[in-house]
Amino acid sequence: MLDQIFHYWYIVLPLLVIIKQIVAHARTNYLMKKLGAKPFTHVQLDGWFGFKFGREFLKAKSAGRQVDLIISRFHDNEDTFSSYAFGNHVVFTRDPENIKALLATQFGDFSLGSRVKFFKPLLGYGIFTLDGEGWKHSRAMLRPQFAREQVAHVTSLEPHFQLLKKHILKHKGEYFDIQELFFRFTVDSATEFLFGESVHSLRDEEIGYDTKDMAEERRKFADAFNKSQVYLSTRVALQTLYWLVNNKEFKECNDIVHKFTNYYVQKALDATPEELEKQGGYVFLYELAKQTKDPNVLRDQSLNILLAGRDTTAGLLSFAVFELARNPHIWAKLREEIESHFGLGEDSRVEEITFESLKRCEYLKAVLNETLRLHPSVPRNARFAIKDTTLPRGGGPNGKDPILIRKNEVVQYSISATQTNPAYYGADAADFRPERWFEPSTRNLGWAYLPFNGGPRICLGQQFALTEAGYVLVRLVQEFPSLSQDPETEYPPPRLAHLTMCLFDGAYVKMQ
252 MLDQIFHYWY
262 IVLPLLVIIK
272 QIVAHARTNY
282 LMKKLGAKPF
292 THVQLDGWFG
302 FKFGREFLKA
312 KSAGRQVDLI
322 ISRFHDNEDT
332 FSSYAFGNHV
342 VFTRDPENIK
352 ALLATQFGDF
362 SLGSRVKFFK
372 PLLGYGIFTL
382 DGEGWKHSRA
392 MLRPQFAREQ
402 VAHVTSLEPH
412 FQLLKKHILK
422 HKGEYFDIQE
432 LFFRFTVDSA
442 TEFLFGESVH
452 SLRDEEIGYD
462 TKDMAEERRK
472 FADAFNKSQV
482 YLSTRVALQT
492 LYWLVNNKEF
502 KECNDIVHKF
512 TNYYVQKALD
522 ATPEELEKQG
532 GYVFLYELAK
542 QTKDPNVLRD
552 QSLNILLAGR
562 DTTAGLLSFA
572 VFELARNPHI
582 WAKLREEIES
592 HFGLGEDSRV
602 EEITFESLKR
612 CEYLKAVLNE
622 TLRLHPSVPR
632 NARFAIKDTT
642 LPRGGGPNGK
652 DPILIRKNEV
662 VQYSISATQT
672 NPAYYGADAA
682 DFRPERWFEP
692 STRNLGWAYL
702 PFNGGPRICL
712 GQQFALTEAG
722 YVLVRLVQEF
732 PSLSQDPETE
742 YPPPRLAHLT
752 MCLFDGAYVK
762 MQ
């Protein structure tokens with residue numbers, strides 16, 4: 252009998268595939284009826300099982316246009332559609348109601364899926380990779396570290412700003428990449444916050460520092476951290492094929508990052524209570540070490556926070572200065588506000604720049620809001636269904652009916668597409684215009700504005716990032732009257748979206 256089946260495999264195999272499809276179709280119809288779902292209003296076919304789109308995505312990624320590619324797929328009224336990518340069925344959405352369901356009202360129906368597998372080689376088991384009880388424990392452990400009294404200490408930023416200022420002055424009115432300096436600034440401030448001492452990447456020979464002892468080690472750490480993120484981003488894009496990205500360089504980069512971080516972890520674990528008391532000021536790692544002595548937990552959580560503390564704030568500052576440089580009237584208006592609050596130039600009252608006083612700068616807040624609207628730190632994200640469920644919209648004749656999401660299916664939600672949708676931001680949604688944040692239309696955006704995510708997993712460090720970015724922008728305004736950009740600069744700019752987003756070609760500006 253088996254011999255006969257094997258002999259006629261060319262008939263049996265297609266027959267089994269057909270039977271499987273019939274059963275799956277019947278199961279889908281049953282679940283749709285049971286859960287009250289309707290067929291997708293919009294379906295986008297992307298070649299054989301989505302491999303065509305997969306190729307397009309990787310090509311766009313290499314040119315800094317993957318965010319634009321995703322946005323372009325949401326046509327006029329196609330806020331949610333069904334598609335395929337690299338052989339996997341994917342639901343894409345920019346609908347605020349669906350995003351609200353994913354992140355809040357149906358939080359328990361979805362998980363991060365394979366994120367821990369994607370990110371584990373670099374980030375381990377931290378707050379950004381964990382789900383369920385592990386995530387709850389991480390969040391409970393980290394929440395006190397971002398209390399208001401911790402993020403309010405802006406005075407620690409001034410020494411780092413003075414180094415940043417020296418680098419800018421070194422260029423003597425010529426165009427330079429300020430994004431590269433912002434990444435160094437934020438890694439310096441983040442490591443001071445995390446480890447109790449900065450890596451001082453801004454201290455280099457170009458501004459007169461002798462850095463023979465630490466320069467090479469710091470450079471290797473920074474380079475390895477950046478390269479590892481590139482690999483992680485590709486692993487995410489490949490989804491179930493993530494394991495293909497695990498080469499020697501990737502492993503070596505992760506080892507360099509871990510070795511560097513382990514030094515500070517061990518230093519915290521070896522510190523005596525007397526030494527901890529002498530620290531003075533707040534140190535994230537030492538406070539965390541009071542809750543756990545597990546070196547892997549301390550390392551993983553520190554790297555998770557370092558990723559957020561360095562990359563997101565550096566990206567926010569880079570995009571803000573990039574947009575201000577091409578909009579001199581906005582820069583001038585911001586200078587007027589800063590002058591009224593803190594003075595300019597030799598009359599600057601730096602000591603008055605505090606957590607509370609920054610919050611009173613309404614136009615500064617509007618500039619930051621508008622930057623995060625057009626250039627969110629995490630432009631797209633995903634959730635995986637842990638059971639058969641629905642999302643509230645995207646089905647039926649007009650897209651207003653619920654849609655079925657099968658167990659293990661992935662939903663990609665694009666914050667960039669939502670936050671540039673004219674339905675919520677008007678015909679000029681693609682323009683950088685901070686004034687929109689004083690208009691009635693932006694007062695009740697709800698889930699149409701999510702630069703820091705939403706629901707139970709809303710970013711713990713959002714005030715930390717906004718405070719640091721606000722402080723740096725104020726100090727730049729005070730010290731540099733003129734900010735400009737080469738008129739030939741490409742716009743919209745190519746953007747590099749790995750785990751977080753920054754400018755693909757840097758932020759070349761002139762300051763004097």
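Just remember that my numbering sits 251 ahead of the position in the sequence shown, which is counted from 1.
Beta carbons: idealized from backbone N, C-alpha and C, even for Gly.
DSSP places K303 within a helical segment (H, G or I) once states are collapsed to three. Apart from the 5 residues on each side of it in sequence, A559 sits with its Cβ closer than 6 Å to the Cβ of G712 in its chain, given in chain order. Here Y664 is not near T292, since their CB atoms are 9 Å or more apart. Annotated three-state conformation of I654 is strand, per DSSP. Using a Cβ distance threshold of 9 Å, L381 and L363 count as a contacting pair. No Cβ-Cβ contact shorter than 9 Å links R708 with L393. The shortest C-alpha to C-alpha distance from L557 to any of V572, G705, T512 and G596 is the one to T512.
Out of S591, P546 and H422, the CA that lies nearest to the CA of Y514 is found in P546.
Contact between the stretch 593-612 and the stretch 319-337 is not established, with fewer than three Cβ pairs separated by less than 8 Å.
One alpha carbon belongs to D679, the other to Q736, and they sit about 22 Å apart. Within the DSSP bridge table, the entry for H340 names Y335 as partners.
Per DSSP, reduced to three states, the secondary structure at C710 is coil, with no helix or strand assignment.
In this structure, the alpha-carbon of T543 lies about 11 Å from that of S389. Secondary structure note for T437: its alpha helix (DSSP H) is the uninterrupted segment I429 to F446.
Annotation: K502 to H418 spans about 33 Å, alpha carbon to alpha carbon.
Under a 10 Å Cβ-count criterion, S591 is classified as exposed, with fewer than 16 other Cβ atoms of the shown protein chains found around its own Cβ. DSSP places A633 outside any alpha helix (DSSP H); the residue lies instead in the beta strand (DSSP E), whose first and last residues are R631 to A636. Rounded to the nearest whole angstrom, the CA to CA distance from V268 to I262 is 10 Å.
Assigned with DSSP and collapsed to three states, Q663 falls in strand. When DSSP reads this structure, V294 sits in a beta bridge with S333. About 6 Å separates the CB atoms of G287 and P653; that is less than 8 Å, so the two are in contact. The residues S449 and V450, in chain order, have a CB closer than 6 Å to that of T442 in the same chain once the five nearest residues on each side in sequence are set aside.
The beta carbon of D360 lies closer than 7 Å to those of A636, I637, K638 and T640 in the same chain, with the five residues before and after it left out.
Three or more beta-carbon pairs separated by less than 8 Å link the stretch 568-576 to the stretch 748-763, which places the two stretches in contact.
In the three-state DSSP reduction, P546 falls in the helix class (H, G or I).
Pairing A275 with S484 gives a Cβ-Cβ distance that is not under 9 Å. Counting only residues of its own chain and dropping the five nearest sequence neighbours on each side, A720 has a CB closer than 8 Å to the CB of T564, L567, L568, A571 and L619. For L414, the enclosing alpha helix (DSSP H) covers residues E409 to K421. The beta carbon of Q763 lies closer than 6 Å to those of G424 and S733 in the same chain, with the five residues before and after it left out. In the three-state scheme derived from DSSP, where H, G and I count as helix and E and B as strand, Y759 is classed as strand.
Nearest to D562 by C-alpha distance, out of N578, Q480 and P643, is Q480. Annotated as proximal: L432 and L415, with beta-carbon spacing under 9 Å. Each residue's CA atom was taken as its position, placing L539 and P627 some 29 Å apart.
Apart from sequence neighbours up to five positions away, no residue of its chain approaches E602 with a beta-carbon distance below 7 Å. It is roughly 6 Å from the alpha-carbon of M283 to the alpha-carbon of L655. For the stretch 549-634, the continuous alpha helix (DSSP H) assignments of 4+ residues that do not extend past its boundaries occur at 564-576, 579-593, 606-610 and 613-625, in sequence order.
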